[in-house]
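Chemist: Just passing along the structure, written as structure tokens.
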Amino acid sequence: MTYGVKLLETEAVLAYSQCPRKAYLIHYTKNKGQPNEYLRIIEEKRKFTQNEYIHNLKNINEDIKIFNPNQLKNKTKYLTKANLISDNLCAVSDLLLRVKGRSSFGNYSYEPILFVGIHTITKEDKLKLFFVGYVLGKYQDNFPKYGRIINANHKSHKVNLDASIKIVTPIINAVHKLIEPPIIIMQKHCSICKYYHLCKTEAESVNSISLLDRISPKLVKKYAEKGIFTVKQLSYCFKPRKRKKHKNKCPILFKPELQALALRTNKIYIQELPEITNHPIKLFIDIEGIPDEKSYYLFGLIISIREKNTYQHFWADTIQDEVNAWKNFTVNLKRYPEAPI
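Quick note: the sequence shown uses the working numbering, first residue 17, plus one each step.
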């Protein structure tokens, strides 16, 4: 470790995979942003899962101690709160598990274990494990082959870490090359980012095209390469195509230039008049559930016959009830095969 150089931490690495600007703000500035309530709840659940899991390990007399760099040669089976620092990189492993294989500690090494506060494992969770495994590998002079992620219901997911060097190294290099703030690109996940209000205010002040609905980060960068950064600039790029007669009907495509023109002129533009067909019977459905747990507990159905509505609902009190609720729901749908949903 070189003193005087800021440590690159896990949060900045994860941020870069979503938004380089967020990584810059985390690593190079002192702005802490505004914590998001949703992420705070998820973090509380993560800590609860971790504490409960470790408590259960202690109940079965497992060898567990708090991580201490000076006691790594004691062959402790589990180490908690492992703060790992190597080559100006810093990562925290919620738990370390002793496994076979030589390292700088002796004839054994450690594998990382992380906890999450939800039921599904995301690509960000895996990237975090890759980074922790990478730093651990440098710390113990032996890169771990596997790592584990424990979800909210204590299910262990084993992850192969062979690709950690290949995946993590480019991100580390990219963060170190950020010498100025990247352009603002508002994305779907921005709403839960702690820098949301900061970036949104700045994006609005410069009239950024990333504020347009349904415009992708890739397209924003493509326009930037052409010197187009604002909604006003983009609005002048719209050129309506002349329609040729006796040609097959072309699909209507989303055109950000037209959306920008509508905003600049404060007008509504319609590319093609929609064809609305009225049916005597129409079905409206509503499905409610918890996507994180892949659970759907309520199927609602409104049957509209000549504007007279009938409501039905199919409820699942338990996971086991979901199959029957779904079957009963679809049986009622099949009674009206010609009705649009």
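Each residue gets a CB set at the ideal place from its N, CA and C atoms; glycine is no exception.
Mapping DSSP to helix, strand and coil, what is ARG10?
Modeler: The shown model of the chain, from 17 to 357, leaves out residue 10, and the question about it has no answer.
Chemist: By DSSP, does GLY133 sit in helix, in strand, or in coil?
Modeler: The answer is coil: DSSP assigns GLY133 none of H, G, I, E or B.
Chemist: Going by C-alpha to C-alpha distance, which of LEU269, ILE231, ALA276 and ARG257 sits closest to VAL247?
Modeler: Ranking LEU269, ILE231, ALA276 and ARG257 by Cα distance to VAL247 puts ALA276 first.
Chemist: Which stretch, first to last residue, makes up the beta strand (DSSP E) that contains ALA107?
Modeler: Unbroken beta strand (DSSP E) run through ALA107: 105-119.
Chemist: Since LEU317 contacts LEU299 with CB under 8 Å, what's their CB separation in whole angstroms?
Modeler: Correct: roughly 7 Å between the Cβ atoms.
Chemist: Measuring CB atoms only, is the segment 96-111 touching the segment 269-288, in the sense that at least three cross pairs come out at less than 8 Å?
Modeler: With a cut-off of 8 Å, the segment 269-288 and the segment 96-111 do not count as touching, because too few Cβ pairs lie within range.
Chemist: ILE163 lies in the alpha helix (DSSP H); which residues open and close that run?
Modeler: The amino acid occupying residue 163 in the given sequence is Gly; Ile does not appear at that position. That residue, GLY163, is in no alpha helix (DSSP H); its beta strand (DSSP E) goes 162-166.
Chemist: Under 7 Å: does the beta carbon of ILE195 sit that close to some heavy atom of the ligand FMN?
Modeler: Inclusion of the ligand FMN in the displayed structure is not the case, the ligand content being empty and no account of it being possible.
Chemist: Can you give me the C-alpha to C-alpha distance between LYS234 and ILE165, rounded to a whole angstrom?
Modeler: Taking the straight line joining both Cα atoms gives about 31 Å.
Chemist: Relative to the alpha-carbon of HIS170, which residue among LEU130, SER224, HIS192 and THR65 has its alpha-carbon at the smallest distance?
Modeler: HIS170 has its Cα closest to that of THR65, out of LEU130, SER224, HIS192 and THR65.
Chemist: Expressed to the nearest angstrom, what Euclidean distance is found between the alpha-carbon atoms of LYS271 and SER251?
Modeler: Using only the alpha carbons, I get a separation of about 10 Å.
Chemist: Starting from the N-terminal side, write out each stretch of the alpha helix (DSSP H) that is 4 residues or longer and does not extend beyond the segment 325-354.
Modeler: Listed in chain order, the complete alpha helix (DSSP H) runs (minimum 4 residues) inside the segment 325-354 are 338-349.
Chemist: Using CA coordinates, which residue listed in ASN294, ASN167 and TYR162 is at the minimum distance from ILE137?
Modeler: Checking every option, the nearest Cα to that of ILE137 belongs to ASN167.
Chemist: Taking the straight line between their C-alpha atoms, what separation do you get for ARG351 and ARG257?
Modeler: Computed Cα separation, rounded: 44 Å.
Chemist: To the nearest angstrom, report how far apart GLU220 and LEU227 are at their CA atoms.
Modeler: Answer to the nearest angstrom: the Cα atoms are 8 Å apart.
Chemist: Quick one: Cα of LYS310 to Cα of GLU304, how far?
Modeler: Each residue's Cα considered, the two are about 11 Å apart.
Chemist: Look up LYS298 in the DSSP assignment and give the residues it is bridged to.
Modeler: Paired residue(s): SER320.
Chemist: Between which residues of its own chain and ILE58 is the CB-CB distance below 6 Å, once the five residues before and five after are set aside?
Modeler: For ILE58, where only same-chain residues beyond five positions count, the Cβ hits under 6 Å are GLY133.
Chemist: Do you know whose CA, among GLY163, GLN156, PHE159 and LYS154, lies nearest LYS144's CA?
Modeler: Nearest of GLY163, GLN156, PHE159 and LYS154 to LYS144, Cα basis: GLY163.
Chemist: Excluding the 5 residues preceding and the 5 following LYS61 in the sequence, name in chain order all residues of the same chain whose CB lies nearer than 8 Å to its CB.
Modeler: Correct list, in chain order: GLY133, ILE134 and ALA168.
Chemist: Apart from the five residues on each side of it in sequence, which residues of its chain come closer than 6 Å, Cβ to Cβ, to TYR150?
Modeler: Closer than 6 Å at Cβ, skipping near neighbours: SER180 and VAL184.
Chemist: Quick one, which of ASN223, TYR54 and TYR32 has its alpha-carbon nearest TYR44's?
Modeler: Nearest of ASN223, TYR54 and TYR32 to TYR44, Cα basis: TYR32.
Chemist: When the distance is taken between beta carbons, is ILE80 closer than 8 Å to LYS74?
Modeler: Result yes, Cβ atoms of LYS74 and ILE80 sit closer than 8 Å.
Chemist: Nearest CA to the CA of ASN72: which residue from TYR94, LEU289 and LYS238?
Modeler: Nearest of TYR94, LEU289 and LYS238 to ASN72, Cα basis: TYR94.
Chemist: Which value, in whole angstroms, describes the spacing of the CA atoms of ILE284 and LEU274?
Modeler: Rounded to whole angstroms, ILE284 to LEU274 spans 10 Å at the Cα level.
Chemist: Quick check for students: name the residue ranges of the alpha helix (DSSP H) that lie wholly in the segment 52-85, counting only runs of 4 or more.
Modeler: Correct list: 53-75.
Chemist: Checking contacts by CB at 8 Å: is ILE76 closer than that to chain D?
Modeler: This model lacks chain D altogether; it includes just one protein chain.
Chemist: Can you tell me whether HIS192 is helix, strand or coil according to DSSP?
Modeler: HIS192 falls in the helix class under three-state DSSP.
Chemist: So what does DSSP say about ILE181, is it helix, strand or coil?
Modeler: Helix at ILE181.
Chemist: Output yes or no for whether 8 Å exceeds the beta carbon distance between SER320 and ILE306.
Modeler: No, Cβ-Cβ distance for SER320 and ILE306 is not below 8 Å.
Chemist: Between which two residues does the beta strand (DSSP E) holding THR96 run?
Modeler: Its beta strand (DSSP E) spans residues 94-102.
Chemist: So, at 8 Å on beta carbons, what are the nonlocal neighbours of THR18 in its own chain, with the 5 sequence-adjacent residues on each side left out?
Modeler: With a pLDDT of 42 at THR18, under the threshold of 50, the modelled position of this residue cannot be trusted, and the question is left open.
Chemist: Check for me: the beta strand (DSSP E) holding LYS174 runs from which residue to which?
Modeler: Taken as a continuous stretch (DSSP letters only), the beta strand (DSSP E) holding LYS174 covers 172-176.
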